[in-house]
Amino acid sequence: MKLWQRTLAAATLVGAASAFAPQAAVAQQIKIDGSSTVFPIMEAVAEEFQIAKRGKVRVTVGIAGTGGGFKKFCRGETDISNASRPILAEEIDACKAAGIKFIELPVAFDALTVVINPKNTWAKTLTTAELKKIWEPGAQGRITRWSQVRAGFPNQPIQLFGPGADSGTFDYFTEAINGKAKMTRGDYTASEDDNTLVQGVENNINALGYFGYAYYVNHKDKMTAVAVNNGKAAVLPSSENVINGTYNPLSRPLFIYVRDTAAARAEVAELVKFILTKGAPLVSEVGYVALPPSAYAMAQKHFDTRRVGSVFGGRPEVGITIEALLSREAK
Numbered sequence: 014m015k016l017w018q019r020t021l022a023a024a025t026l027v028g029a030a031s032a033f034a035p036q037a038a039v040a041q042q043i044k045i046d047g048s049s050t051v052f053p054i055m056e057a058v059a060e061e062f063q064i065a066k067r068g069k070v071r072v073t074v075g076i077a078g079t080g081g082g083f084k085k086f087c088r089g090e091t092d093i094s095n096a097s098r099p100i101l102a103e104e105i106d107a108c109k110a111a112g113i114k115f116i117e118l119p120v121a122f123d124a125l126t127v128v129i130n131p132k133n134t135w136a137k138t139l140t141t142a143e144l145k146k147i148w149e150p151g152a153q154g155r156i157t158r159w160s161q162v163r164a165g166f167p168n169q170p171i172q173l174f175g176p177g178a179d180s181g182t183f184d185y186f187t188e189a190i191n192g193k194a195k196m197t198r199g200d201y202t203a204s205e206d207d208n209t210l211v212q213g214v215e216n217n218i219n220a221l222g223y224f225g226y227a228y229y230v231n232h233k234d235k236m237t238a239v240a241v242n243n244g245k246a247a248v249l250p251s252s253e254n255v256i257n258g259t260y261n262p263l264s265r266p267l268f269i270y271v272r273d274t275a276a277a278r279a280e281v282a283e284l285v286k287f288i289l290t291k292g293a294p295l296v297s298e299v300g301y302v303a304l305p306p307s308a309y310a311m312a313q314k315h316f317d318t319r320r321v322g323s324v325f326g327g328r329p330e331v332g333i334t335i336e337a338l339l340s341r342e343a344k
């Protein structure tokens with residue numbers, strides 16, 4: 014099933030679960046919210062899991078953004094929080110203050126993708142320095158035309174589309190490109206809903222945007238991925254370039270965080286096992302990079318032993334490879 018089909022199906026997940034369940038029965042509920050980048054994975058997982066459980070479990074998946082999801086998670090409002098970056102120190106503190114412990118589980122890798130309209134023939138390759146020139150705070154009201162980015166680019170207005178401030182993709186991109194999370198120009202079209210950003214790029218020849226790789230893959234006939242040059246070579250986002258570590262600094266791990274008290278519930282444990290044992294094909298199907306089987310086995314062991322906390326220590330980190338992530342998780 015394509016991403017747009019799953020997105021449509023997501024709106025009816027609750028109804029589908031109810032249809033499977035006997036009228037007298039009340040389905041157990043699992044509440045998930047957070048990253049819109051991770052959403053396609055969890056949407057697909059939720060759909061398949063609910064079918065397998067024949068309506069005995071109802072799974073709801075929201076897209077509040079990574080930051081917005083952690084706010085809900087640390088208030089005890091959700092069982093699982095989707096995240097396109099590791100949990101930050103202030104979020105760890107908020108959870109601790111509320112008495113909430115969590116299990117951090119990597120589920121996939123993403124090639125955060127910079128995109129342009131297909132009619133844009135001049136910006137198929139951009140350097141990280143040029144991306145910073147476009148997106149840094151000082152660019153607001155100053156860098157407004159393509160001709161200001163590079164000599165030879167047309168004297169046309171740049172129309173920017175990017176995630177909102179509650180998005181983990183926003184945090185990661187600004188850290189990787191501008192040098193500090195959340196530091197960016199503010200005069201762009203922002204949304205936590207990546208589909209809104211997709212439509213903006215599709216409909217504007219002068220558009221430049223960024224979001225998770227799955228949203229590009231499922232709309233690649235209507236937009237062009239930019240090859241990003243970090244000073245070594247211009248590299249396109251792809252599964253191969255994430256795996257070999259050359260798509261840097263915009264490749265990143267994706268996570269789910271499971272509340273410790275929720276992990277004790279049988280239906281949540283079953284869903285986590287479903288993700289870690291049957292989720293890899295769904296990760297690939299929606300357009301992300303599945304982890305090696307050993308990584309999912311390691312994550313299952315961490316869940317079974319209730320290893321709480323984050324291996325990132327609450328600090329943002331850019332450019333970690335799959336190999337480095339697995340080495341850290343093994344400690």
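According to the working numbering, the sequence shown holds residues 14 to 344 in order.
We treat Cβ as the ideally placed atom computed from N, Cα and C, and that holds for glycine.
Note that the structure is predicted; figures quoted are calculated from it, not measured.
> Since phenylalanine 62 is in the alpha helix (DSSP H), which residue starts that stretch and which ends it?
Replying inline: Unbroken alpha helix (DSSP H) run through phenylalanine 62: 52-66.
> According to the Cβ coordinates, are valine 302 and valine 248 closer than 7 Å?
Replying inline: Judged by their CB atoms, valine 302 and valine 248 are not nearer to each other than the 7 Å cut-off.
> Which residues mark the beginning and the end of the beta strand (DSSP E) in which glutamine 169 is found?
Replying inline: Per DSSP, glutamine 169 lies in no beta strand (DSSP E) segment and is marked neither H nor E.
> Taking the alpha carbon of threonine 318 as the point to measure from, which residue in Ala276, Gly75, Asn95 and Gly300 has its own alpha carbon closest?
Replying inline: Among Ala276, Gly75, Asn95 and Gly300, the Cα nearest to that of threonine 318 belongs to Ala276.
> Exposed or buried, what is lysine 314 when buried is set at 16 or more other beta-carbons lying within 10 Å of its beta-carbon?
Replying inline: Classification of lysine 314: exposed, given that the 10 Å Cβ count is below 16.
>> Please report the distance separating the alpha-carbon of cysteine 87 from that of arginine 272.
In response: One C-alpha to the other measures close to 9 Å.
>> With the cut-off set at 7 Å, would you say isoleucine 2 and leucine 221 are in Cβ contact?
In response: In the structure displayed, the chain extends from 14 to 344; residue 2 sits before or after that span and is not available.
> Going by alpha carbons, who is nearest to arginine 71 out of Glu280, Ser307 and Leu304?
Replying inline: Cα-wise, what sits closest to arginine 71 is Glu280.
>> Restricting to Cα atoms, I'd like to know which of Phe122, Glu104, Val58 and Ala124 is closest to phenylalanine 115.
In response: Here the closest residue by C-alpha is Glu104.
> Based on the DSSP output, what are the partners of asparagine 95 in its beta bridges?
Replying inline: Answer by DSSP bridge pairing, in chain order: Gly47 and Ile269.
> For glutamate 117, which residues does DSSP report across the bridge?
Replying inline: According to DSSP, residue pairing for glutamate 117 in a beta bridge involves Tyr270.
>> Using the three-state DSSP reduction, which class does alanine 136 fall into: helix, strand or coil?
In response: Alanine 136: coil per DSSP, three-state reduction.
> If you draw a straight line from the alpha carbon of glycine 80 to that of arginine 98, how long is it in whole angstroms?
Replying inline: Straight-line Cα distance between these residues: approximately 9 Å.
> In terms of residues, what are the limits of the beta strand (DSSP E) holding isoleucine 147?
Replying inline: Where isoleucine 147 is concerned, there is no enclosing beta strand (DSSP E), although the alpha helix (DSSP H) it sits in stretches over 141-148.
>> Quick check: what's the CA-CA separation for glutamine 63 versus glycine 213?
In response: Inter-residue distance for glutamine 63 and glycine 213 is about 33 Å (C-alpha atoms, whole angstroms).
>> Quick test of the definition: if touching needs 3 or more C-beta pairs under 8 Å, does the segment 324-336 touch the segment 155-166?
In response: Verdict: no, contact absent.
>> Just verifying my parser: in three-state terms, what is the DSSP assignment at isoleucine 348?
In response: An answer regarding residue 348 cannot be provided, because it is not within the stretch 14 to 344 covered by the chain.
>> Suppose only complete runs of 4+ residues qualify. What are the alpha helix (DSSP H) ranges in the segment 217-242, listed by chain order?
In response: Segments of the alpha helix (DSSP H) lying fully in the segment 217-242: 226-230.
>> My output table needs one value for threonine 209: the three-state DSSP class, helix, strand or coil.
In response: Assigned with DSSP and collapsed to three states, threonine 209 falls in helix.
> Measuring CA to CA, which of Glu143, Val285, Ile113 and Val239 is closest to leucine 125?
Replying inline: Ranking Glu143, Val285, Ile113 and Val239 by Cα distance to leucine 125 puts Val239 first.
> Thinking just about the alpha-carbon of each residue, which of Glu330, Val321, Ile269 and Ala194 is nearest to the one in tyrosine 309?
Replying inline: From the listed residues Glu330, Val321, Ile269 and Ala194, the smallest Cα separation to tyrosine 309 is found for Ile269.
> With a CB to CB cut of under 6 Å and the five nearest residues on each side skipped, what residues in its chain are close to glutamine 172?
Replying inline: Excluding the 5 residues flanking it on each side, glutamine 172 has same chain C-beta neighbours closer than 6 Å at Asn217, Asn219 and Ala220, in chain order.
> Can you check whether the CB of asparagine 191 is closer than 7 Å to the CB of isoleucine 245?
Replying inline: According to the sequence displayed, residue 245 carries lysine and not isoleucine. No, Cβ-Cβ distance for lysine 245 and asparagine 191 is not below 7 Å.
>> Looking at the strands, I want to know which residues DSSP matches up with aspartate 123.
In response: Its beta-bridge partners are Arg265.
> With a CB to CB cut of under 7 Å and the five nearest residues on each side skipped, what residues in its chain are close to proline 131?
Replying inline: These residues qualify, in order along the chain: Lys235, Met236 and Thr237.
> Measuring CA to CA, which of Tyr229, Val58, Ser49 and Phe52 is closest to proline 294?
Replying inline: Proline 294 has its Cα closest to that of Val58, out of Tyr229, Val58, Ser49 and Phe52.
>> Here's a check: name, in chain order, each residue in its chain whose Cβ is nearer than 6 Å to the Cβ of glycine 327, leaving out the five neighbours to either side.
In response: Result list for glycine 327: Leu101, Ala102 and Ile105, in chain order.
> So what's threonine 73 in DSSP terms, helix, strand or just coil?
Replying inline: In the structure shown, threonine 73 sits in a strand (DSSP, three-state: E or B).
>> Per the DSSP calculation, arginine 158 is bridged to which residue(s)?
In response: Partner(s): Pro170.
>> Bridge partners for lysine 42 per DSSP, in chain order?
In response: Contrary to the premise, residue 42 reads as glutamine rather than lysine in this sequence. As DSSP reads the structure, glutamine 42 sits in a beta bridge with Arg71.
> If you draw a straight line from the alpha carbon of lysine 291 to that of alanine 110, how long is it in whole angstroms?
Replying inline: When rounded, the separation of the alpha-carbon atoms in lysine 291 and alanine 110 is 35 Å.
> By a C-beta neighbour count over all protein chains shown, 10 Å radius and 16 as the cutoff for buried, is aspartate 200 buried or exposed?
Replying inline: Residue environment: aspartate 200 is assigned as exposed (fewer than 16 neighbouring CB atoms within 10 Å of its CB, all protein chains considered).
> If you draw a straight line from the C-alpha of isoleucine 93 to the C-alpha of methionine 55, how long is it?
Replying inline: Roughly 10 Å between the two C-alpha positions.
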